[in-house]
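This report refers to the structure that appears directly beneath it.
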Amino acid sequence: MPRLLAPSQRWLFSPGVDLSVFAGSALVSVAFVLAAPWLGVAGDTPLWAWLLFVVCVDVAHVWSTLFRTYLDPEELRTRPGLYLGAPLAAYVAGVLAYLVSPGTFWSLFAYVALSHFVRQQYGWVALYDRKARVTPLERRLDAAAIYAATLGPVVWWHANLPRAFWWFMPGDFLAGLPSWAGTVGLGLHAVVLLAWAGCQAARVVRGEGVQAGKVLLVVATWVAWFGGIVVARDDFTFTVMNVVLHGVPYFALLFRYARGRLAEGGYGAGAALLRAGLPGFLLFLVALALAEEFLWDQAVWREHGALFGEGLVTLPPDVLALVVPLLALPQATHYVLDAFVWKPGRQPALLSRLGWAPMATGHPGPSSGMPPVSTMAIPARSD
């Protein structure tokens with residue numbers, strides 16, 4: 001007898017949310033890229049697009065981690081070592097790397113960010129698999145598909161440097177990979193994805209059905225990474241395809257978690273931020289993102305004088321070695337903490353706060369029957 005998927009197992013959040021945050025994100029990215037000539041975009045990312053995609057999506061999603069961590073007094077009391085140690089370790093590592101050379105710092109930061117992006121996509125797939133209790137074989141194939149969809153284009157990118165875009169700054173990825181390695185990478189990624197597609201088709205033939213949300217996620221990931229790296233010919237295309245699929249689903253995850261935590265009476269005085277609903281949640285994060293970018297522009301980049309004003313002070317290199325890792329600390333801390341804070345095996349209440357298990361009633365552990373999930377051990381591009 002075929003093992004049929006229950007309707008609740010076909011989607012992670014719900015049909016509407018999954019379609020919006022996964023398929024919708026990819027479609028919006030493609031629409032903006034196709035509309036670029038009519039939007040007057042040629043090559044570099046214009047100011048309006050930088051504000052919309054980099055600040056309001058990419059940088060703002062980094063700050064949303066606050067609702068899982070530092071804005072929750074109970075969470076801070078539970079794991080003080082993690083929440084003090086993560087930023088301290090990230091800052092020390094950043095300063096040491098910058099003292100070696102600014103290029104070393106930015107290369108290290110770029111590869112950590114890349115790993116975070118890849119792992120986040122794997123985290124979503126892992127959640128789907130555990131919700132449906134798929135077989136170990138299918139779990140491994142799903143993992144292979146998401147890694148192929150992301151790392152195949154990345155290998156090709158490294159074999160075709162330089163490109164007209166970069167992660168943080170020119171030269172942050174290491175060159176030297178032969179061009180044939182990129183071709184091989186794309187060939188292997190195609191083989192894996194075709195095998196995965198065949199597995200999904202076999203499920204349909206057997207009458208088992210598929211997790212529509214997971215299929216959309218893998219397809220959206222391939223569209224964003226292949227389109228944003230291999231097909232892309234300018235910074236605008238890379239930026240749009242790169243950040244939307246990464247940031248928008250994370251907003252959904254954090255807002256869902258924050259509402260669940262609020263229902264338990266969490267956040268203390270900070271609960272007022274969430275009582276305004278999604279607009280209040282997003283506006284708070286965008287305000288923090290703008291403040292961060294103001295500091296970056298004044299101290300380091302000097303690229304958006306029309307928006308932030310002209311910088312008045314030029315910092316010497318030894319001071320920049322302290323300031324740049326400090327400004328990068330929100331992103332670096334986000335990368336580190338995401339490897340720890342989304343593991344219900346260590347905090348069973350996490351599933352109930354996300355709405356994937358009944359609210360706790362005084363006994364430890366989730367009551368949903370779902371095994372523990374290690375989801376966002378995900379390591380954003382965040383400028």
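Residues in the sequence shown are numbered consecutively from 1, following my numbering.
C-beta: ideal position from N, C-alpha, C; glycine also.
Under a three-way DSSP split, which group does Tyr267 fall into? Stepping through the sequence shown from its first residue, residue 267 is reached at position 267. Reduced to three states, the DSSP call for Tyr267 is coil.
When Ala252, Phe117, Trp225 and Ala357 are compared against Ala339, the one with the closest alpha-carbon: In the sequence shown, counting from the first residue as 1, residue 339 sits at position 339. Taking only the C-alpha atoms, the option nearest Ala339 is Phe117.
Give me, in chain order, the residues of the same chain whose beta-carbon lies closer than 8 Å to that of Pro170; leave out the 5 immediate sequence neighbours on both sides. Here residue 170 corresponds to residue number 170 of the sequence shown, with the count starting at 1. Contacts found: Pro162.
Do Leu472 and Trp156 have their CB atoms nearer than 8 Å? Since the first residue of the chain shown is 1 and the last is 383, residue 472 is not available in this structure.
Thr361 to Ala271 span [Cα, whole Å]: Position 361 of the sequence shown holds residue 361. Position 271 of the sequence shown holds residue 271. With a pLDDT of 47 at Thr361, under the threshold of 50, the predicted position of this residue should be treated as unreliable, though the coordinate-derived value follows. If I take the Cα positions, the gap works out to 22 Å.
Which of the three DSSP states is assigned to Ser14 in this structure? On the sequence shown, residue 14 is found 14 positions in, with the first residue counted as 1. Correct three-state label for Ser14: coil.
Does the beta-carbon distance from Leu245 to Thr221 come in below 8 Å? Stepping through the sequence shown from its first residue, residue 245 is reached at position 245. Stepping through the sequence shown from its first residue, residue 221 is reached at position 221. Yes, Cβ-Cβ distance for Leu245 and Thr221 is below 8 Å.
Do Ser179 and Gly260 have their beta-carbon atoms positioned less than 8 Å apart in this structure? For the purposes of this step, residue 260 is taken as the residue at position 260 of the sequence shown. For the purposes of this step, residue 179 is taken as the residue at position 179 of the sequence shown. No, the pair does not count as a contact, with Cβ atoms beyond the cut-off.
Span of the alpha helix (DSSP H), counted from its first residue to its last, around Leu326: In the sequence shown, counting from the first residue as 1, residue 326 sits at position 326. Segment Pro317 to Leu327, the alpha helix (DSSP H) holding Leu326.
Since I believe Leu114 is in contact with Trp63 (beta carbons under 8 Å), could you give me their beta-carbon distance rounded to a whole number of angstroms? For the purposes of this step, residue 63 is identified with residue 63 of the sequence shown, where counting begins at 1. For the purposes of this step, residue 114 is identified with residue 114 of the sequence shown, where counting begins at 1. Actually they do not touch by this definition, with Cβ atoms about 20 Å apart.
Which of the three DSSP states is assigned to Asn242 in this structure? Numbered from 1 along the sequence shown, position 242 holds the residue referred to as residue 242. Helix, per DSSP.
How big is the Cα-Cα spacing for Thr333 and Arg206? Taking the first residue of the sequence shown as position 1, residue 333 is located at position 333. Taking the first residue of the sequence shown as position 1, residue 206 is located at position 206. The alpha-carbon atoms of Thr333 and Arg206 are separated by roughly 45 Å.
The alpha helix (DSSP H) enclosing Phe109, as first and last residue numbers: Counted from its first residue, the sequence shown places residue 109 at position 109. Here the alpha helix (DSSP H) through Phe109 covers Pro102 to Ala132.
In the DSSP assignment, find the alpha helix (DSSP H) that holds His158 and state where it starts and stops. Translated into positions along the sequence shown, residue 158 becomes position 158. His158 -> alpha helix (DSSP H) spans Pro136 to His158.
So for Pro170, helix, strand or coil by DSSP? Position 170 of the sequence shown, counting from 1, holds the residue named residue 170. Here Pro170 sits in coil by DSSP.
Where do the N-terminal and C-terminal ends of the alpha helix (DSSP H) with Val184 fall, by residue? As a first step, residue 184 is located in the sequence shown; it is residue number 184 there, counting from the start. Val184 -> alpha helix (DSSP H) spans Ser179 to Val205.
Can you look up Glu292 in the DSSP assignment and give me helix, strand or coil? Against the sequence shown, residue 292 aligns to sequence position 292. DSSP places Glu292 in helix when its eight states are reduced to three.
Out of Tyr257, Leu326 and Phe308, which has the shortest C-alpha to C-alpha gap to Trp356? Your numbering for residue 356 matches position 356 in the sequence shown. Nearest option by C-alpha distance: Tyr257.
Kindly indicate the opening and closing residues of the alpha helix (DSSP H) around Leu217. Residue numbering aside, residue 217 sits at position 217 when the sequence shown is read from its first letter. Segment Ala212 to Trp225, the alpha helix (DSSP H) holding Leu217.
Separation of Ala144 from Ala197, as counted between CA atoms: Reading the sequence shown from its first residue, position 197 is the one you call residue 197. Reading the sequence shown from its first residue, position 144 is the one you call residue 144. Going from the Cα of Ala197 to the Cα of Ala144 covers about 12 Å.
Cutting at 7 Å between CB atoms, please list the residues of its own chain near Ala252, excluding the five before and the five after it. What you label residue 252 is simply residue 252 of the sequence shown in a count that begins at 1. Counting only Cβ-Cβ distances below 7 Å, and skipping sequence neighbours, we find Phe13, Val17 and Val21.
Assigned secondary structure, Leu354 (DSSP; H/G/I helix, E/B strand, else coil): Indexing the sequence shown from 1 puts residue 354 at position 354. DSSP places Leu354 in coil when its eight states are reduced to three.
I need the DSSP call for Leu88, collapsed to helix, strand or coil. Looking up residue 88 in the sequence shown gives position 88. Of the three classes helix, strand and coil, the one that applies to Leu88 here is helix, per DSSP.
Using 8 Å as the threshold, is the stretch 38 to 57 in touch with the stretch 225 to 243, meaning 3 or more CB pairs across them? yes
Under three-state DSSP, which class holds Phe53? Locating residue 53 in the sequence shown gives position 53, where the first residue counts as 1. Looking at Phe53 - three-state DSSP - the assignment turns out to be helix.
Cα-Cα separation between Val28 and Leu151, rounded to whole angstroms: Locating residue 28 in the sequence shown gives position 28, counting from the first residue. Locating residue 151 in the sequence shown gives position 151, counting from the first residue. C-alpha separation (whole angstroms): 23 Å.
Apart from the five residues on each side of it in sequence, which residues of its chain come closer than 6 Å, Cβ to Cβ, to Ala175? The count along the sequence shown starts at 1 and reaches residue 175 at position 175. Only Leu161 meet the Cβ criterion.
Counting only the same chain and skipping the five closest in sequence on each side, list residues whose C-beta sits under 8 Å from that of Gly182. To locate residue 182, count along the sequence shown from 1; it is residue 182. Cβ neighbours of Gly182 beyond the five flanking positions: Val155, Trp156, Trp157, His158, Ala159 and Asn160.
Could you tell me the distance, in whole angstroms, from the CA atom of Glu264 to the CA atom of Phe284? For the purposes of this step, residue 264 is taken as residue 264 along the sequence shown, with counting starting at 1. For the purposes of this step, residue 284 is taken as residue 284 along the sequence shown, with counting starting at 1. When rounded, the distance between both Cα atoms is 21 Å.
Buried or exposed: Asp318, going by 16 or more other Cβ atoms within 10 Å of its Cβ? Taking the first residue of the sequence shown as 1, we reach residue 318 at position 318. Its Cβ having fewer than 16 others within 10 Å, Asp318 is exposed.
Val300 - DSSP class collapsed to helix/strand/coil: Along the sequence shown, read from residue 1 onward, the residue named residue 300 stands at position 300. Helix at Val300.
Measuring only the C-alpha atoms, how far is Lys343 from Ala60? The residue you call residue 343 lines up with position 343 of the sequence shown. The residue you call residue 60 lines up with position 60 of the sequence shown. Going by the C-alpha atoms only, they are around 23 Å apart.
Who are the near neighbours of Phe216 in its chain, counting only those whose CB is closer than 6 Å to its CB and skipping five residues on each side? For the purposes of this step, residue 216 is taken as the residue at position 216 of the sequence shown. Residue identity check: residue 216 is Leu in the sequence provided, not Phe. If we look at Leu216 and ignore the five residues flanking it on each side, its Cβ neighbours are Phe22 and Ala23.
Under a three-way DSSP split, which group does Val59 fall into? Position 59 of the sequence shown holds residue 59. Residue state, collapsed to three classes: helix.
Going by beta-carbon coordinates alone, are Tyr98 and Tyr122 separated by less than 8 Å? In the sequence shown, the residue the question calls residue 98 occupies position 98. In the sequence shown, the residue the question calls residue 122 occupies position 122. Against a cut-off of 8 Å, the Cβ pair of Tyr122 and Tyr98 comes out as no contact.
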